[in-house]
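Down below is the structure, laid out as structure tokens.
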Amino acid sequence: MTETRTAGGSRRLGSMGWAFLPIVVTAAFLAVLPPVWFGDSPYTTSLAVQALVFASYGVGFNLIFGSTNQLFLCVGALAGVGGYGAGILANESSLPMAAGVAVGTASAAIVGGLLSWIAVRRSLGIIFTGIVTLVFSLGFANLLLGQRDLTGSETGLIVDGVPAELADDSVGGYYLFAGLLVAFLIVFRALQLSHVGWAFRALRDDEVAAELAGVNVSRYRIYAATVGSAMIGLTGALLAYSAGFISPATYSFDRVDVRVLVMVAFGGLGTLLGPVIGAGVFAILDEQLTASLELREVLYGAFVITIFLFFRRGVVQAFVSFFDRFVRSGRRTQPNVQSSRE
Amino acid sequence: MKAVVLDGIVLGLAFGLLGVGMTLVYGLGGVINLAYGQIVIAAAIVASLVIERGESQAVAAGVGVLAAVGLSVLLDLTLMRPVYRQHGEERTLLGLLLTLGAAFVIGGLLAWRYPAGALYIYVGGDPISVIGVPMSVGSIWASAIALVVAAVLLVFFGATTFGRGVRSVIQDETGARLVGINPSFVRTVIFALSGALAGVVAIAQSMTGPLTVNAGFELTTFALIVTVVGGLGSVAGAFLAGVLLGVVNALSAHYIGQYITTIVLLGAAALTILIRPRGLLGR
Amino acid sequence: MLEVAGLAAGYLGERVIDGIDIEVRTGEAVVVFGSNGAGKTTLFRAIAGLLPRMAGRVVLDGKDLTRSPAHRISRTGIAYVPAERHLFPAMTVKSNLVLGAYPRRADRDTLALVYDLFPRLRERHRQHAGTLSGGEQQMLAVGRALMAKPRLLMLDEPTTGLAPKIAQAAFEALAGLKEGGMTLLIAEQQVPLALSVADRGYVLENGRIRLEGTSDQLAHNPEVRRAYLGVA
């Protein structure tokens, strides 16, 4: 009885469960990772935290670039806005960590939204948006270097008021960032399934058609940029507290942006788990290639070329299409059992 | 101040040629070659190897330029084919990613094999006075080479049939196909030409100071800034912007500081994008 | 001269035209009629090599052009003037014309001929093509096609956007060309004007040939009269 009455509801819940399954699996995987793999090594833990941080950056970047085609080459800078915002607040005032994180996140969100607003107002395409955000990146880095009193310049900033359990080489820190990543994935997925996600897909497919269909492309772009930037800023702020020490190098273009771009594109732009897979693979890659910095560069490059020549949409999409074809050829031999039951 | 400006012009001429190389490839196919700086470095390294083997500097220069051309043609025939099969923003994005990958591969290999690699072409002689400013012979040579190449380009694009054909592909690719021009062939030839320009810049720059193996990305950035300020696809614009930005670079580096100078140049690009997207001479 | 057999073409896997059989004999002027969306432009682009052919054959004087790309077709003697003209806007009128002869050097005599045909172009030979009026651009497009000394001249809706008097003049020029021995293949919506020049015609509807005949036959065909001439 109950089944018939709530048939529609339960089916919808069922399909939603299906949609969030990858997140649940990821969360489970992340939860069990430390005891299984890390042993008690703070070094391995810190590597994992690094990967989680980059994966989180990646989800934010995915939201901005993957969903609405805005090439924001300022991921590092946005994280830096969050990180330094929180760090400076922690040192200069007696406000608790939560306040610092909130301020950092909000600042990053505002900056990101502003950049997007500029890009939208001036109708900047991918290349120009990239260049303008790149200018912001370098300008911000320079700002950090210049404001010696506030930021400590190259020598960096020590962030006070950090609980030791959340340090970036401790298990506590690991679970903090794992939780953060899962939260981001949930938000990303929820957006994907909502009317916002539909609008994103429409405007990515054909901007003009989307406008005609009533999608306010500008507004959705700015919205995506703001939320994505908030994610990036939040990650950067938490990183500042967790690491206890930040410097311009922590958030530099070379260190952050290039890696995030390649990593997310590798995993699959616009896909849910793309950033996660990308971060994981590149973390492992980095470990294997500690030998030579230059060789690592060569392999990065070869990787990028191979991926984009053969798996244009990234690894995740390649798996999905392969899986799809596999499932479809299997399904063809089976009659549709479902309809007969209805 | 005069000295600074002249230095800026010398640098600017090289910038200009670099910008021309990049803007040509963009104008013809909508692709930004992020590996451009590395091609310059490759030419420099090859030339330095030839010099090490005892050959004359002139021979080394020639071989260096040829190496750059060869590398460019290789890139065009391998990576660019799938890029040109795409259209619009897909093509832009794929072009950026594949050339970025190529930049890492080329740059990484060169840095790994020749970590101390650098090219420095020493041209002997006393400084020559130009409008009251003593300039090193190397700088004079560098400028002269750049100017000669620029003149050749001017003749090529203005007066030769093929050159006009190239301009036509940039302005209307379908129209070019209708008059019998093969855009694909033109793109390959121009990619090779951009390689030659990269080689020339390597030689010219190395006459004013050592060109090291790590300078790749910086060169690409300069080329990109010049291209944007000059107007994407405009050859004359790129050259003009190059000279102007060279002077700006010199003035800024001298009076303010090196690090800020990069920001100033990037700022110029951003300003162009925000205020006058078609650049100085673009359409 | 030109034989099109069973030609099919379209976009994104969809066939817009199918089973097209057209013949153009040397010295003839053939017109393809059809309303918007009938497939005239698709057909012409397919013949000119701008669109891949999904089926069928295109043969010019015995030479199979079915697999040839546009730039090679242009060099074998077919000159195509599309409706959008595709001129080179930042180049002068003269440069546009000179490029028409690519890869050969522009023939001074041919250039003079084009200027004689379109004196307005001679007046504006230093002007940038992007700044010309619609009619002048059309003249330039035709002139550029003529510079290649083609055997077959294809024109897609040459009178689009032209004032009636200029459209008339355009067709008079085309008639003059035909008299000089040029073979013409024209797509047009303006039926009476086109019929005045044409020897034969085809009516294209929904991507297939509906009717064909001499200009006389078509002019007196009741369907044609009703659909295109507005005569009951």
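Residue numbers (numbering that gives the first Met the number 0), protein chains in the order written: chain A, 0 to 341; chain B, 0 to 282; chain C, 0 to 231.
Where a beta carbon is used, it is the ideal one built from N, C-alpha and C, also for glycine.
The model shown is predicted, which means the values in this text are computed figures rather than measured ones.
Check	Outcome
Within chain A, partners of E217(B) - CB distance below 8 angstroms	Neighbours of E217(B) on chain A: none; closest Cβ ~12 angstroms, over 8 angstroms.
Closest residue to V200(B) among L17(B), G11(B) and V3(B) (Cα-Cα distance)	L17(B)
Interface residues of chain B facing M90(C) [CB-CB closer than 9 angstroms]	R163, R166, S167 and Q170
Top-ranked residue by Cα proximity to A97(A), from E210(A), R220(A), G196(A) and A236(A)	A236(A)
Whole-angstrom C-beta distance between G243(A) and A166(A), which should lie under 8 angstroms	7 angstroms
Distance between T154(A) and L142(A) (C-alpha atoms, nearest Å)	14 angstroms
Partner residues on chain A for I255(B), Cβ-Cβ distance less than 7 angstroms	Correct list: empty, because the minimum Cβ distance to chain A is about 12 angstroms.
Option in V242(B), R277(B) and L273(B) with minimal Cα separation from G232(B)	R277(B)
Beta-carbon proximity check, D6(B) vs F190(B), cutoff 9 angstroms	no
Assigned exposure category for F321(A) - 16 Cβ within 10 Å defines buried	exposed
Any C-beta of chain A under 9 angstroms from that of Y258(B)	yes
Of the residues A42(B), V68(B) and V19(B), the one placed nearest V188(B), counting alpha carbons only	V68(B)
From L270(B), L70(B), N248(B) and G26(B), residue whose alpha carbon lies closest to that of G198(B)	L70(B)
Contacts that F87(C) makes with chain B (C-beta to C-beta distance below 7 angstroms)	S167, Q170, D171 and G174
Closest by C-alpha distance to A28(C), when choosing among L145(C), I185(C) and N205(C)	I185(C)
Test: D191(C) CB closer than 9 angstroms to a CB of chain B	A quick correction: the sequence has Pro, not Asp, at residue 191(C). Taking Cβ atoms only, chain B never reaches closer than 9 angstroms to P191(C), which makes this a no.
Chain-ordered chain A contacts of V39(B) [CB-CB under 8 angstroms]	Under the 8 angstroms cutoff, chain A gives no residues; its nearest Cβ is about 17 angstroms from V39(B).
Close Cβ partners of L210(C) (< 6 angstroms) along its chain, the five nearest in sequence each way excluded	V202
Neighbourhood of P221(C) by C-beta, 8 angstroms cutoff - its chain only, sequence neighbours within 5 removed	none
Inter-residue Cα distance where the pair is Q137(C) and F53(A)	57 angstroms
Proximity test, Cβ basis, 9 angstroms: A264(A) and chain B	yes
7 angstroms CB neighbourhood of R324(A) in its chain, flanking five on each side removed	none
Rounded Cβ spacing between D153(C) and V80(C) (contact assumed at less than 8 angstroms)	First, the amino acid is wrong: residue 153(C) is Met here, not Asp. Yes, they are in contact, since the Cβ atoms of M153(C) and V80(C) sit about 7 angstroms apart, within 8 angstroms.
Exposure label - L196(B); buried when at least 16 CB within 10 Å	buried
Boundaries of the alpha helix (DSSP H) in which V238(C) is found, first to last residue	Residue 238(C) lies beyond the stretch modelled for chain C, which goes from 0 to 231, so this question has no answer here.
Beta-carbon neighbours of L92(B), restricted to chain A and to distances below 7 angstroms	I125
Chain-order list of residues whose beta-carbon lies under 8 angstroms from that of V196(C) (same chain, five-residue window excluded)	A28, V30, F170, L173, A174, K177, L183 and I185
Residue-chain proximity (I224(B), chain C), Cβ-Cβ < 9 angstroms	no
For V242(B) and T271(B), believed in contact at Cβ under 8 angstroms, the rounded distance	Not confirmed; about 15 angstroms, so no contact.
Sub-9 angstroms separation of L180(A) and L51(A) beta-carbons	yes
C-beta atoms of V80(A) and V110(A) nearer than 9 angstroms	yes
Residues near I50(B) by beta carbon distance below 6 angstroms, same chain, minus five either side	A59
For H70(C) and T91(C), believed in contact at Cβ under 8 angstroms, the rounded distance	Not quite, the Cβ-Cβ distance comes to about 22 angstroms (not below 8 angstroms), so this is no contact.
Candidates D253(A), L294(A) and A47(A): closest to A140(A) by CA position	D253(A)
Counterpart residues of S128(B) in DSSP-defined beta bridges	P133(B)
Straight-line gap, V3(C) to V57(C) (C-alpha atoms, nearest Å)	5 angstroms
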